[in-house]
Amino acid sequence: MKYIEYLLKRLIYSVVVLFGLSVIIFIISRVIPGDPARMALGPHATREQVEALRQSMGLHLSLIEQYIMYITNLFRGDFGMSLVSRRNVLVDLKLYFPATLELIIYTIIWVVIIGVPMGVVSAAKKDSKVDNFFKTLSFSAVVAPAFIIGLAFQLIFGYALNIMPITGRLSSALSASPRITGMLSFDALIQGDFQVFFNSLRHLLLPSLALSMPGIGQVSRITRASMLEVGTKDYISVMHSYGVPDGIINFIYMLKPAFIPSLNIIGMTFASLLGNAFLIEQVFSWPGVARYGINALLKVDVNALMGVVLLIGAVFLATNFIIDLLMGLLDPRVRLSEED
Amino acid sequence: MSFLKNERIKENWYRFSQNKTSVIGLIIVLTIIILAIFAPYLTPYPGHRGAQTDFRNTFQSPSRSHIFGTDDVGRDVFTRVIFGFRFSLLLSAIVLIIGVPIGTILGLTAGYFGGRIEMVILRFTDMMLSIPPLVMALSISAVLTPNLRNMMIALGAIWWTWYTRLVRSIVVSIRNENFIKSLKLMGIGHLHIMFKEILPNCISEILVKVTLDIAFIIQLGAGLSFLGLGAQPPTPALGTMISQGTFHLPTDWWMTVFPALAILLLVFGFNWLGDGLKDMLDVEL
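Quick note, the sequences are listed as chains C and R, same order. In terms of the working numbering, the first sequence opens at residue 1 and continues consecutively. In terms of the working numbering, the second sequence opens at residue 1001 and continues consecutively.
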C-alpha cells in the first residue's frame, strides 16, 4: 500500500469519527430538558415570539431534518447563537481557542524536550540512581492529577516564593501586541515586542508545565522501554564494537526507532491532555476555550457547549491524523502493512 | 489440595511483596477503606460532613482540636476529608459496576463473533474514545443537573469503552485456539463458551485494570467536582473542597492542601496496589 493510500484511509476514518461525534453531540443537545427557544428568549418573551423562533430554529421539524439543518449550518460557519454572549458561537471559539492552542503547543514542547531525553538517559544508565529517580518522577507525574500539580506550582512558585505570576496570560500593566494568531507569545515574537514576549512566557510556564506532567511521565516511560529493546539489536552492538561514541548511538541511532512508540503514546494521551486543559485553565484563570466551555455548561448554553465539544473532538482527531502522518514517514512498516 | 492452595497463595504473596511499594499501596488502600466505612465513628466531628456550621470557629489553622484546621463555616477539615474518602470510593465503585459489565460483554461479543459485529462495536468504541473522557462527562452532566449521582451516570456511560477494547484484544488472541474450536464442534452454546470458557482468561487483566481505574476515576471525579460539575456543596467531596479552598489561598491554605493531599494518597495507593497485582498476576496492559 502506498503512503498516499494510507493517509487517505486515515483521513476518511477521521472524518467518519467526526461525523459520529456530531451525531452524539446533536442527540445530547436534543435530550436536554426544556424548550431551547424559550431559553434563548428568556421568561418575558410572548408566546408568538417563542413560536416564531421555534420555526426559524427548525424545532418543528423531525429529528433527522433538524440534524441535516444543523450540519449544513455548521458547514456555512453558523454554529448557532451563544445564549450568553449573544454572538455566533464560531466568533467566540475564534476568540478563545488561540489561548488554549498556545497552552497545548508549549505543553507538547515540554513533553518532547523533557520526556524523551529523560527516557534516553534512564535507559542508558539502567538501574542506576538517575534511572530510579527518573522512574519515580515519571510514575508520580502520571499518577498525580494535573490540576493538583498545577495548584502545587501555584502555591510554591506563586504564593510562597513569589517568583511566578499566578493567573492570567499577561501582566495587567502590559497590553498585548496587535492580534495576528491570537497567541500572545507568538504575536509578540513576530512583532519584536520582547517585553510582552517574555512576560507571556512567564505566564505560560506554570500552566503548561503542570499540563505536560502526565505526558512527560508516559513518554519517558515508553522511551525508556523501547530504548532498552532497541539496545539489544545486533546493529547497536556492532556500532559499540566500532567505538562509535555512546551519545551518538543513544540519541541518533537508537532514538529514531525508539521514538515511534513514544509518538504513538503522545497521540493516545492527547485526549486526557485536552481533558486536563479544562482543569488547568480553571486553576490558572486561563481565558481559553475550555473555560468558555465550563461557563457555557454552568449556564446551560447548549450551542456554545456543542461548539466546544465539537472543536475539542476535531482537535483530537487532527492531532492523531498528524501523528499517523509522521508515523508513516518514520516507520515504513506502518504505511506498508495491510491492516489499518 | 488445601496444601497446594496454601502454597499458591504463598507464592503469589511472595511475588506481590517483592516490590515494597505494592505493600505500601495495599496498606494505604486498606486503611482508607476502613476509615471510609467507619467514618462516623472515627472522625472527631461527624456532624461536620453536611451543612452544619460553627461560626465561632471559622478559618482555624491546624491545631490539636482540628488537626487539619477548619473551613469558612467552621467545619473540621479532617472530618470532611475522611468523609471525602467515602464519596471517592463510592463513585469509583458505582462507575465500575456500571461500566465493567457493559464493556466486558461488548468486548466478548466483538471478539467472539468477529466480522461485521466486531467492526461496528469497535468503530463505535473508537468514536466514544475520541471524545476526551472529561469532556464527555462534562456534556452528559450538563444535560442532567450536576450532582454526585449524575456524575456517576456520566462516567459509567463512558467507562465501558476501555474494557471493550481490553477484553476484545484478549478474546482475539485466543479465539482460534483448539479448545475453543473443539467446544464449538461439540455443539456447546455460544453463551457458555463466551462466559464460562473465554471470560475466565480475561479476569486477571480486568482485575488489574479495575484497580488502576479506581485511581483514575477518583482523579476524574475530583476534577469534575473541582469544576463545580460533580458533587455540590455541602457534600464533602474532595474536589469540591479544593475548589472552595482556592478562594481562600494563600492565607487559609489548609482548606486546599489537605483535601489535595488526600486525593494524592488515594491515587498513589491504588496505583501502587495495581502495579503490585500486575506483577503478581503477570499481566501486561
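The beta carbon of each residue, even a glycine, is placed where N, CA and C say it ideally should be.
* To do: Assign R/ASN1019 to one of three DSSP states: helix, strand, or coil.
  => coil
* What does R/LEU1249 touch in chain C if you count any residue whose Cβ is under 8 angstroms from its own? -> GLN154, LEU155, TYR159
* Please check if any C-beta of chain C sits within less than 8 angstroms of the C-beta of R/ILE1263. => yes
* For the alpha helix (DSSP H) holding R/SER1173, just list the boundary residues, first then last. => 1148–1174
* chain R within 8 angstroms of C/ILE294, Cβ atoms only -> yes
* Does C/ALA141 get closer than 8 angstroms to chain R when you measure Cβ to Cβ? -> no
* Taking the continuous alpha helix (DSSP H) assigned at R/PHE1083, which residues delimit it? -> 1077–1113
* Bridge partner(s) assigned by DSSP for R/THR1070 -> R/ASP1076
* Asked: Quick check: the segment 287–306 of chain C against the segment 1018–1032 of chain R, are there 3 or more CB pairs under 8 angstroms?
  -> no
* Residues, ordered as in the chain, of the segment 1052–1075 of chain R that lie near chain C by beta-carbon distance below 8 angstroms -> none
* **Residue from C/GLY42, C/ARG38, C/ASP78, C/ASP127 with nearest C-alpha to C/LEU59** => C/ARG38
* What residues from chain C crowd round R/PRO1133, counting only those whose CB sits closer than 8 angstroms? -> ALA271, SER272, GLY275
* To do: Could you name the residues of chain C that R/TRP1253 contacts, counting a contact when the two beta carbons are closer than 9 angstroms?
  => LEU155, TYR159
* DSSP three-state call for C/ASN162: helix, strand or coil? -> coil
* To do: List the residues of chain R whose Cβ lies closer than 8 angstroms to the Cβ of C/PHE278, in chain order.
  => LEU1134, VAL1135, LEU1138, GLY1223, LEU1227
* Nearest chain R C-beta to C/VAL309 closer than 8 angstroms, yes or no? -> yes
* Taking 8 angstroms as the CB-CB limit, is R/PHE1078 close to chain C? -> no
* Does R/ASP1279 come within less than 8 angstroms of chain C when only Cβ atoms are used? -> no
* Own chain residues within Cβ distance below 6 angstroms of C/LYS299, not counting five before or after -> VAL84
* Cα-Cα separation between C/LYS2 and C/ILE222, rounded to whole angstroms -> 29 angstroms
* To do: Could you work out which residues of chain C lie near R/ASN1271, taking near to mean beta carbons separated by less than 9 angstroms?
  => PHE139, VAL142, VAL143
* Asked: Hey, is R/THR1235's beta-carbon within less than 8 angstroms of any beta-carbon in chain C?
  -> no
* To do: Kindly list the residues whose CB is nearer than 7 angstroms to the CB of R/MET1194, restricted to its own chain and excluding five residues on each side of it in sequence; keep chain order.
  => LEU1108, TYR1112
* Determine the direct distance from the alpha carbon of R/ILE1098 to that of C/VAL143, and round the result to whole angstroms. => 24 angstroms
* For C/PRO214, which residues from the same chain have a beta carbon less than 8 angstroms from its beta carbon, with the 5 sequence-adjacent residues on both sides left out? -> ALA141, VAL142, ALA146, THR269, SER272, LEU273, ASN276
* 9 angstroms Cβ cut-off: residues of chain R touching C/LEU83 -> Per Cβ cutoff of 9 angstroms: no residues; C/LEU83 is ~13 angstroms from chain R at best.
* Could you tell me whether any Cβ in chain R is nearer than 8 angstroms to the Cβ of C/GLU338? => With a pLDDT of 47 at C/GLU338, under the threshold of 50, the modelled position of this residue cannot be trusted; read the value that follows with caution. Answer no: the Cβ-Cβ gap between C/GLU338 and chain R never drops below 8 angstroms.
* Asked: Below 8 angstroms between beta carbons: does that hold for C/PHE153 and C/LEU204?
  -> no
* So what's C/MET81 in DSSP terms, helix, strand or just coil? -> strand
* Every unbroken alpha helix (DSSP H) within the segment 113–149 of chain C, with a cutoff of 4 residues, ordered by chain -> 116–124, 129–143
* Asked: Could you check where the alpha helix (DSSP H) with C/MET57 kicks off and where it finishes?
  -> 47–57
* To do: Report the residue from C/ILE323, C/GLY217, C/ILE149, C/ARG76 whose alpha carbon sits nearest the alpha carbon of C/LEU11.
  => C/ILE323
* For C/LEU228, collect the residues of the same chain with a Cβ closer than 6 angstroms to its Cβ; drop the 5 residues on either side in sequence, then sort them by chain order. => ALA123
* With 9 angstroms as the C-beta to C-beta threshold (strictly closer), list the residues of the segment 1113–1131 of chain R near chain C in chain order. => ARG1123, PHE1124, ASP1126, MET1127, MET1128, LEU1129, SER1130, ILE1131
* Asked: Is R/ASN1178 buried or exposed, if buried means 16 or more other CB atoms sit within 10 Å of its CB?
  -> exposed
* To do: Let me know the secondary structure DSSP gives R/GLY1274 once reduced to three states.
  => helix
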